[in-house]
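In this text, residue positions in the sequence shown follow my numbering: the first is 15, and each later residue adds one. Note that the Cβ used here is the ideal one computed from N, Cα and C, for glycine as well.
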Amino acid sequence: MKLRTRIQLYIIVTLVILLLIVNAYIYFLFRQVSLHNSIDRLHEQGRELAETAAAVDWNDTSRTSLFQADLPAEGMVRFISPNGQSEGVITRAEKYRELPFAFSSQETDHTYYHEESWYAEVEIPVIRNNEIYTMQVTEELVSLEQALQVLKYSLTLAGLFILIPCIFGGRLLGSFLLRPILALTSTMQAIRNSGKWERMKIDNKRHDELQALSDTFNEMVDQLEANFSKQQQFVSDASHELKTPISIIKSYSKLLDRWGADDPEVQQEAVQAIHSETERMQALVDQLLILAKDDPALLEKEPLDLAELAKTCSQAMEIAHQREIIVQAEQAVTVSGDANMLKQVIYILLSNSIKYSDEHIEVSVTSTQDEALLSVKDYGEGLDEKDQLLIFDRFYRVDKARTRSKGGSGLGLAIAKQLVELHDGKIKVNSTPGAGSVFTIILSR
């Protein structure tokens, strides 16, 4: 069943139930009030008839005309002896003589349904010959039945007049509610069929949940398109980076096949080149795997001294690259983190500074009450504002030709940023062209 039909049925069923409840309440309330008013009126007539009955002999047919003035138009007066026998009936219609009766020593009233008609009845005790008789005053509620019938037809017609417009209103409401959903479906089908990223048209005049649905969908499409573009760029860059070492390995393997057996120098050169390119491919693959494993659950957090970690990494890089690295660190800057991952971040920042500067490198570790800061400063060429915004993107290189000659893949800073963010930290760069750069990581204590 279509959603529009379900909405329409829900509205109709709900409205029908409400109409039935309201109409039934109106009908039964009107009937109850009318019956109560009829009983009150009949009591007044009964008391007047009781006064007349006390003054005359009701068995005297010549006197019965005295009762005619107060006699119900559609009813009768019956006198009942203490032994339950009918002692006289005064009425304008003979059919009322067959109505049931019973003796009662107290004034009572009730209504009842007899032979497809409603009757109101009061019993009033009267005294005759020192005995208590019951005067039964009964009225057929013809006008009430007619009024109830008219009310029933009126409520039914009113319900139909209300229901018919609501059916069309339900269709309009269903169309109004489904319009954004249909537009969403149409846009998704267009994206699937054309392969192009499309957006839903937005009506800025509306500020409701349906407008929020359109906005959310468009934002999701923007995000998907951006992620898809990044994925395509990532695959393209990774393929490009792997293509060069594979081509070199393939060329040297052919060289070995032709000349390696006869020329030891060619053999040694080819083996070294293949080994070098293999290590380069291995490093690139390892970096790609690190980027793929973006999962905080992989962290093995423990309390560690960030200052001591910086000293250890700086000493190792200083010996390996024969470069002066000056470390200025506070005592015991404790953070909670994964030692291996944070070491890798420091190595990446130091390696980056060593590649692109020739002077000494400065490492500083400071802290505040809530944060620990580690900075790596070099005096290289520096970065302009555009490069500072893109330097942490995957495969981004400021000078691709220069970076390739230095063996960079453009993944180091992207990996550093990801590892820092896994620690709920931040990494930033402050650089001036021609004056060097400062990379700073900020971790919570």
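Secondary structure at proline 139: strand, using DSSP grouped into helix, strand and coil. The C-alpha of glutamate 58 is placed about 16 Å away from the C-alpha of glutamine 120. Your pair phenylalanine 409 and leucine 427 does not check out as a contact, with CB atoms roughly 11 Å apart and the cut at 8 Å. Straight-line measurement puts the Cα of asparagine 207 at about 36 Å from the Cα of isoleucine 25. Straight across, the Cα-Cα distance linking isoleucine 176 with serine 157 is about 28 Å. Rounded to the nearest whole angstrom, the C-alpha separation of asparagine 241 and methionine 234 is 10 Å.
When only Cα atoms are considered, tyrosine 110 and leucine 49 end up about 19 Å apart. Taking each of Gln345, Thr380, Glu332 and Met355 in turn and checking the Cα distance to serine 365, the smallest one comes out for Glu332. The alpha-carbon separation between threonine 122 and glutamate 137 amounts to approximately 5 Å. A contact between stretches requires three or more CB pairs, one per stretch, nearer than 8 Å, and the region 146-165 meets this requirement with the region 92-102.
Between isoleucine 262 and glutamate 291, the beta carbon gap of about 5 Å places them in contact (Cβ cut-off 8 Å). Note that the C-beta distance between glutamate 385 and arginine 459 is below 9 Å. Beta-carbon to beta-carbon, methionine 295 and leucine 270 are separated by about 18 Å, too far to satisfy the 8 Å threshold. If the five residues before and after glycine 351 are omitted, its C-beta is found closer than 7 Å to the C-beta atoms of Lys315, Leu318, His437 and Leu457, all from its own chain and listed in chain order. When the alpha-carbon of arginine 337 is set against those of Gly60, Ala353, Asp372 and Pro447, the nearest one is in Asp372. Judged by beta-carbon spacing, tyrosine 133 lies within the 9 Å limit of leucine 113, meaning their Cβ atoms are closer than that value. Here threonine 446 carries a strand assignment [DSSP, helix/strand/coil]. Arginine 92: member of the beta strand (DSSP E) spanning 89-94, first to last residue. In terms of Cβ geometry, valine 434 and valine 379 do not form a close pair [threshold 9 Å]. Per DSSP, reduced to three states, the secondary structure at phenylalanine 453 is strand. Judged by beta-carbon spacing, glutamate 395 lies beyond the 9 Å limit of isoleucine 339, meaning their Cβ atoms are not closer than that value. In the structure shown, serine 458 adopts extended strand secondary structure according to DSSP, grouped into three states. Contact check for glutamine 225 against proline 194 passes: the beta carbons are separated by less than 9 Å.
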